[in-house]
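What the sequence shown shows, in the numbering used here, is residues 1458 to 1586, in sequence order. Following: one structure in structure tokens, then a few remarks.
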Amino acid sequence: MKDNLKSWNLRALLTLPLVAVISSALTIEVDVIALLTVAGINFIPIFISYLFARFLLNRTRNDKAQIISVISPITISFTTSIWYIMRVLFPVETSPGIEHLAIPQMILIGAVFFGLVSIPLALYSDKKL
């Protein structure tokens, strides 16, 4: 199960920047440098969440604790990706594409907060705390 969860963690890491770049290209027509910036801005918070999950996956043995470890990056990545896709289908008329710069700041706060919360939860459910 651990290998399966590691692959889901990696999918979460790769999905968010990829969907952000594609949706940004569809919402506002920008150049390659802007697309790389959007990818980088979205990669940083999900990478932090990925590192928390990877740390916990290597420290825990219980299936329940390992699932708790990867809930944060998977949830953050896929819900944000759905938000980006929704904004492609229903763009904001006054400022299209603004969420590609605003949402990563919120993702960063969520990644750090939920990463820190998942450490005691995963270790407690694995009985190491």
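Using N, Cα and C, we set each Cβ at its ideal position, and we do this for glycine too. Note that this is a predicted model, so its numbers are computed, not measured.
Could you check which residue in 1484, 1581 and 1491 has the C-alpha nearest to that of residue 1548? In the sequence shown, the residue the question calls residue 1548 occupies position 91. Nearest of 1484, 1581 and 1491 to residue 1548, Cα basis: 1484.
Measure the CB-CB distance between residue 1507 and residue 1469 and report whether it falls below 8 Å. As a working note, residue 1507 is residue 50 in the sequence shown. As a working note, residue 1469 is residue 12 in the sequence shown. Taking 8 Å as the Cβ cut-off, residue 1507 and residue 1469 qualify as a contacting pair.
Residue environment, residue 1476, which counts as buried when at least 16 other CB atoms sit within 10 Å: As a working note, residue 1476 is residue 19 in the sequence shown. Answer is buried; the Cβ neighbour count reaches 16.
Give me the Cα-Cα distance between residue 1472 and residue 1534, rounded to the nearest whole angstrom. Taking the sequence shown and counting its residues from 1, one reaches residue 1472 at position 15. Taking the sequence shown and counting its residues from 1, one reaches residue 1534 at position 77. Taking the straight line from one Cα to the other gives about 7 Å.
Which residues in the same chain have their Cβ closer than 7 Å to the Cβ of residue 1480, if we skip the five residues on either side of it in sequence? For the purposes of this step, residue 1480 is taken as residue 23 along the sequence shown, with counting starting at 1. Once the five neighbours on either side are set aside, the close Cβ partners of residue 1480 are 1541, 1542, 1544 and 1545.
Whole angstroms is fine: what's the gap from residue 1448's alpha carbon to residue 1503's? In the structure as shown, the chain starts at 1458 and stops at 1586, and residue 1448 therefore has no counterpart that could be examined.
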